[in-house]
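Undergrad:
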Amino acid sequence: MPYYFNLPIITQLTPNQQAALNETDSLALSGGPGTGKSVVCLWRHIRNYETGIRESLLLTYTKTLEHYLIQSALSKNEEAAENVNRSLWWSSHTNLHREYDEIIIDEGQDVNIDIYRTIKRFSSKISYGADPDQSLYLNKEQLTGLTDWLEETFENEEYTLTKNFRNSKEILDFIRSVFPDILIPQDTINGSLTTGLKPIVKITGWNRDDELDAIMSIINDFQGDTENIAILVPTQKQVKEYYALIREKLDNDIDCTKFNSDLDEFEGLSGIHITTFKSSKGTEFDTVIIPSFDSYDWYIDKLDVVNEEDYYVALTRTKTNLFLICKTKPNKGNKNTYDIE
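Each residue of the sequence shown is one higher than the one before, counting from 13 in the numbering used here.
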């Protein structure tokens with residue numbers, strides 16, 4: 013069961029997305045999770061090759077998103093797919109450097125100024141999409157400096173995307189209750205699909221077998237040919253642990269993949285994918301399972317491997333079904349925005 017790639021056709025894009033796609037000048041694209049920044053960047057890149065108007069390079073940040081964009085591009089234009097890479101990798105490998113008519117940077121909020129300076133040497137046309145609220149690799153001072161530098165350096169046409177195409181209304185209601193300091197406009201929430209499915213908190217107690225049984229029950233209920241399921245965890249060690257436990261429980265003919273940044277090779281995406289919060293950035297899944305959600309504060313305060321932005325990214329990967337596995341009742345989120353089982 014491979015990951016189901018679903019790139020919307022151009023006619024499904026909103027007028028605002030199409031205006032950004034067709035912008036002849038360099039583009040500065042902003043918007044929250046699920047508003048289609050990566051989709052617009054990808055379609056702009058594909059359109060460049062389909063029409064022959066320019067040769068472009070599409071850069072993103074993580075291996076996972078690189079794979080996602082390449083596979084999506086392959087369905088439309090092979091040459092476009094061949095010119096997708098990662099910002100840090102491409103900028104540090106001089107054998108890859110050549111001139112492009114346009115370089116498009118997806119997830120631009122995680123690219124530091126020095127990398128932008130390197131990229132800028134190879135094209136007079138730099139377009140980028142960015143959401144500061146999803147920055148995971150720059151601290152606040154660096155992010156402020158980057159935002160100011162981008163505005164001063166590039167006189168790009170600015171487009172802000174507001175309609176959320178990923179998260180259901182119920183998911184957004186919950187996310188806003190967990191992150192009251194992050195602006196999610198009410199119009200964005202009201203314009204999202206209402207499913208009647210609130211996030212579900214599953215309280216399994218301290219028995220690890222009960223937690224695993226709960227996860228496997230969710231997987232068995234939802235796995236299918238067009239259903240993408242993610243198990244998202246804070247640490248790389250947990251990726252390996254949960255993969256081993258889940259793989260052992262699955263039938264041999266059901267694919268399951270994992271990724272964490274210390275792996276030498278990207279194994280690909282299957283319909284059941286286990287990865288870290290950080291490595292999930294830019295992707296989306298019909299069903300998201302987050303174990304140990306009641307340890308939210310502990311992971312941030314004690315382990316110092318994730319922060320609130322990581323949890324924000326993880327939760328916003330969810331299209332419809334969000335399951336939070338907890339030992340005890342969590343202290344995050346308005347109780348009216350989720351159901352307990």
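Don't be surprised by glycine CBs; every beta carbon is placed ideally from N, CA and C.
Computed from a predicted model, the values in this text were never measured in an experiment.
Can you give, in chain order, each stretch of the beta strand (DSSP E) that sits fully within the segment 260-285 and has at least 3 residues?
TA: Listed in chain order, they are 269-271.
Undergrad: Who are the near neighbours of Y311 in its chain, counting only those whose CB is closer than 6 Å to its CB and skipping five residues on each side?
TA: Result list for Y311: P246, V318, in chain order.
Undergrad: Between which two residues does the alpha helix (DSSP H) carrying K75 extend?
TA: Element bounds for K75: 75-86.
Undergrad: Could you check if D145 is buried or exposed, using at least 16 other CB atoms within 10 Å of its CB as the buried criterion?
TA: It is buried - the Cβ of D145 has at least 16 other Cβ atoms within 10 Å.
Undergrad: Relative to the alpha-carbon of L327, which residue among H109, G294, L19 has its alpha-carbon at the smallest distance?
TA: For the residues H109, G294, L19, the minimum Cα distance to L327 belongs to G294.
Undergrad: For V245, which three-state DSSP category applies?
TA: Three-state result, V245: strand.
Undergrad: In whole angstroms, what separates the C-alpha of I286 from that of V51?
TA: Between I286 and V51, the C-alpha separation is close to 23 Å.
Undergrad: Is S139 helix, strand or coil by DSSP?
TA: Here S139 sits in strand by DSSP.
Undergrad: Under three-state DSSP, which class holds S99?
TA: Correct three-state label for S99: helix.
Undergrad: Return the bridge partner residues of E296 from the DSSP annotation.
TA: None, per the DSSP bridge assignment.
Undergrad: Comparing alpha-carbon positions, which option in A142, D298, T159, E167 lies nearest L209?
TA: Nearest C-alpha to L209: D298.
Undergrad: Contact check, I115 vs R56 under 8 Å by CB: the rounded distance?
TA: That belief does not hold up - the Cβ atoms of I115 and R56 are roughly 11 Å apart, past 8 Å.
Undergrad: What residue does the beta strand (DSSP E) around S189 start on, and which one ends it?
TA: No beta strand (DSSP E) contains S189, which is instead part of the alpha helix (DSSP H) from 181-190.
Undergrad: Quick check on DSSP: helix, strand or coil for T165?
TA: In the structure shown, T165 sits in a helix (DSSP, three-state: H, G or I).
Undergrad: In the DSSP assignment, find the beta strand (DSSP E) that holds K210 and state where it starts and stops.
TA: From DSSP, K210 is part of no beta strand (DSSP E); its letter is neither H nor E.
Undergrad: Taking only the alpha-carbon atoms, compute the straight-line gap between D185 and I201 and give it to the nearest angstrom.
TA: So the alpha carbons of these two residues sit roughly 7 Å apart.
Undergrad: Could you say which of L69, N151, C53, K49 lies nearest to D322 if we only look at CA atoms?
TA: When only C-alpha atoms are compared, the closest one is N151.
Undergrad: Go ahead and label I4 buried or exposed: buried means 16 or more other beta carbons lie within 10 angstroms of its beta carbon, across all protein chains shown.
TA: With the chain covering only 13 through 353, there is no way to say anything about residue 4.
Undergrad: For S103, collect the residues of the same chain with a Cβ closer than 7 Å to its Cβ; drop the 5 residues on either side in sequence, then sort them by chain order.
TA: The answer, listed in chain order, is I127, T130, I131.
Undergrad: Quick one, are the C-beta atoms of L81 and L54 less than 8 Å apart?
TA: It is a contact, given that the beta carbons lie within the stated cut-off.
Undergrad: Looking at the unbroken alpha helix (DSSP H) that takes in N60, where does it start and where does it end?
TA: Run containing N60: 49-63, per the alpha helix (DSSP H) assignment.
Undergrad: Where does F335 fall in DSSP's three states?
TA: Of the three classes helix, strand and coil, the one that applies to F335 here is strand, per DSSP.
Undergrad: Between V190 and T47, what straight-line distance do the alpha-carbon atoms span, to the nearest angstrom?
TA: Approximately 20 Å, taken between the alpha carbons.
Undergrad: Which residue's Cα is closest to the Cα of I243: F271, S147, P197?
TA: Of the listed residues, the one whose Cα sits closest to I243 is F271.
Undergrad: Thinking C-alpha only, which one of G120, D118, N97, S307 is nearest H109?
TA: When each option's Cα is compared against that of H109, the closest is N97.
Undergrad: Nearest-angstrom Cα distance between N176 and I196?
TA: Spanning the two alpha carbons is a distance of roughly 10 Å.
Undergrad: In angstroms with no decimal places, state the Cα-to-Cα distance between N95 and S84.
TA: The alpha-carbon atoms of N95 and S84 are separated by roughly 13 Å.
Undergrad: In three-state DSSP terms, what is D351?
TA: In the structure shown, D351 sits in a strand (DSSP, three-state: E or B).
Undergrad: Let me confirm a value: D122 is counted as buried when at least 16 other C-beta atoms fall within 10 Å, else exposed. Which label applies?
TA: Result: buried.
Undergrad: Extract the residue ranges of the alpha helix (DSSP H) inside the segment 98-128, only unbroken runs of 4 or more that lie entirely within it.
TA: Listed in chain order, they are 99-104.
Undergrad: My guess is that V325 and L148 are in contact by the Cβ rule of under 8 Å, so how many angstroms apart are they, rounded?
TA: Indeed they touch by this definition, with Cβ atoms about 7 Å apart.
Undergrad: When you compare each of E169, T216, T74, K88 to S273 by their alpha carbons, which one comes out closest?
TA: When each option's Cα is compared against that of S273, the closest is T74.
Undergrad: DSSP state of E35, grouped into three classes?
TA: Coil at E35, not helix or strand.
Undergrad: List the whole-angstrom C-beta distance separating F234 from I241, where the pair is believed to meet the contact cut-off of C-beta under 8 Å.
TA: 6 Å between Cβ atoms; contact.
Undergrad: Taking buried to mean at least 16 other C-beta atoms within 10 Å of its own C-beta, is N333 buried or exposed?
TA: The residue is buried, with at least 16 neighbouring Cβ atoms inside 10 Å.
Undergrad: Looking at K331 and N232, is the spacing between their C-beta atoms short of 8 Å?
TA: No, they are not a contact pair.
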